[in-house]
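Residues in the sequence shown are numbered consecutively from 5, following our numbering.
Have a look at the structure below before the remarks.
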Amino acid sequence: MNLKIFRKIDKIKVYLDKIRSKRKTIGLVPTMGALHEGHISLVKRSVKENDVTVVSIFVNPTQFSPNEDYSRYPRKEKEDIKLLTKNNADAVFIPKAAEMYAEKFNTYVEVKDLDKYLCGEGRPSHFKGVSTVVTKLLNIIQPNKAYFGKKDYQQFGIIKKLAEDLNFPVKIIGCATVRDRDGLALSSRNTYLSANQRKSAPLIYEALKNIKFMIKYCNFNSKKDLNRIFRSFINKIPGSRIEYFEIVDRDNFSPVELFKDSMLIAAAVWIKRVRLIDNIELFRK
Ligand code: AMP
């Protein structure tokens with residue numbers, strides 16, 4: 005089947021109205037492009053669960069602060085279109101920034117509190133930008149289901165809350181993190197890493213797995229000790245700096261004591277100018 009390419013909101017709406025009039029279901033996979041197997045796992049799940057799968061590719065300016073990598077973020081439209089065709093997506097929505105944000109655009113969506121922790125601390129307006137663009141995409145596409153990766157766990161949680169609070173008739177689905185063979189979570193930003201940096205980057209996941217083991221099977225309950233262990237792994241990555249390492253509640257992302265039944269162990273690590281995030285869920289029972 006041919007992948008339909010839309011760049012204008014009006015045009016994709018007409019296409020989707022026709023789909024809906026035939027009572028077909030729609031799955032949405034929002035992305036910023038430079039697609040890899042992590043994104044594709046979401047596309048495959050949507051193709052399986054819906055009649056029509058729409059993928060959006062939009063490097064959203066409002067979720068980057070001025071000192072971040074908006075302009076150098078990888079853009080690979082041709083390769084993305086090929087990959088989506090190969091994986092049976094039905095339509096791709098690739099709007100320009102001006103299409104999504106008209107000149108006098110002045111409305112933002114903010115999910116309170118959940119954005120205070122983890123990535124929200126170091127990137128204060130990031131989730132406001134994400135929530136705003138996802139709200140717009142949910143309104144434009146009106147999907148039955150929308151798919152988000154747990155690699156960006158906080159983003160997934162915030163979008164789930166947003167959809168609930170604003171009564172969007174959509175099911176928000178979280179999908180498992182896809183990793184390279186050596187454990188590094190796939191990310192479009194991995195392409196920024198030099199060969200040497202790439203070699204040591206899997207230590208982030210190694211560290212998280214070790215921390216999980218310590219809590220679950222060795223009954224470690226001192227955050228200070230766990231911090232020290234995490235640091236000992238990350239220190240082996242040349243040029244690395246820990247932005248955060250936290251053990252939090254999986255629903256509201258506030259730091260927790262270590263005897264909770266279900267937690268999220270999450271970290272953001274800089275390797276020189278490259279920021280990588282990863283996390284691991286921990287269930288005690
Ligand atoms: P991005 O293009 O980075 O905004 O990601 C688009 C969607 O793909 C988000 O829901 C991400 O969480 C998801 N995603 C990115 N990397 C992975 C991965 N390694 N495994 C699973 N989902 C991912």
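Note that beta-carbon positions come from the ideal geometry of N, C-alpha and C, so glycine has one too.
Between Ile246 and Ala205, the CB-CB gap reaches or exceeds 8 Å.
In this chain, the beta strand (DSSP E) harbouring Asn283 covers Val278 to Phe287.
Any heavy atom of the ligand AMP counts here; residues with a Cβ closer than 6 Å to one of them, in chain order, are Thr35, Met36, Gly42, His43, Ser45, Leu46, Phe152, Gly153, Lys155, Asp156, Cys179, Thr181, Val182, Ala189, Leu190, Ser191 and Ser192. With a minimum length of 4 residues, the unbroken runs of alpha helix (DSSP H) contained wholly in the segment 32-87 fall at 41-53. By a beta-carbon distance limit of 8 Å, Ile269 does not contact Ile241. Their separation comes to about 18 Å.
Asp94 carries a coil assignment under DSSP once its states are collapsed to helix, strand and coil. In this structure, Lys175 sits away from Val115, with a CB-CB distance that is not shorter than 8 Å. Less than 8 Å divides the Cβ of Cys179 from the Cβ of Lys154. The segment 20-31 makes contact with the segment 47-66; the number of CB pairs closer than 8 Å reaches 3 or more. With contacts defined as CB atoms closer than 8 Å, Arg232 and Pro99 fail to qualify as a contacting pair. The C-beta distance from Ile238 to Leu262 rounds to 20 Å, too long to meet the 8 Å contact threshold.
Every beta strand (DSSP E) stretch that sits fully inside the segment 165-237 and reaches 3 residues is listed by chain position as 175-179. Between Arg49 and Phe224, the alpha-carbon positions lie close to 37 Å from each other.
The straight-line gap separating the alpha-carbon atoms of Asn200 and Arg79 is approximately 23 Å. Taken atom to atom, the span from the alpha-carbon of Arg288 to that of Lys228 is near 20 Å. Around the CB of Leu170, fewer than 16 other CB atoms lie within 10 Å, so the residue is classed as exposed.
DSSP places Asp255 outside both helix and strand once states are collapsed to three, so it counts as coil.
For Val115, there is no enclosing beta strand (DSSP E), as DSSP gives it neither H nor E.
If you draw a straight line from the Cα of Phe109 to the Cα of Phe234, it comes to about 43 Å.
Rounded to the nearest angstrom, the gap between the Cα atoms of Asp117 and Glu81 is 35 Å.
Between the C-alpha atoms of Ala93 and Val47 there is a straight-line separation of about 7 Å.
DSSP places Val273 within a strand segment (E or B) once states are collapsed to three.
Per the coordinates, the alpha-carbon of Ser192 lies some 10 Å from the alpha-carbon of Leu280. Rounded to whole angstroms, the separation of the alpha carbons of Ala150 and Lys26 is 20 Å. Within the same chain, and ignoring the five residues on either side of His40 in sequence, the residues whose Cβ sits closer than 6 Å to its Cβ are Leu190. Of Ser266, Asp253 and Ser244, the smallest CA-CA separation from Lys276 is found for Ser244. With distances taken between CA atoms, Lys17 lies nearest to Ile145 out of Ile145, Leu7 and Ile44.
Between the C-alpha atoms of Ile9 and Phe97 there is a straight-line separation of about 6 Å. Distance from the CA atom of Pro128 to the CA atom of Trp274, rounded to whole angstroms, is 17 Å.
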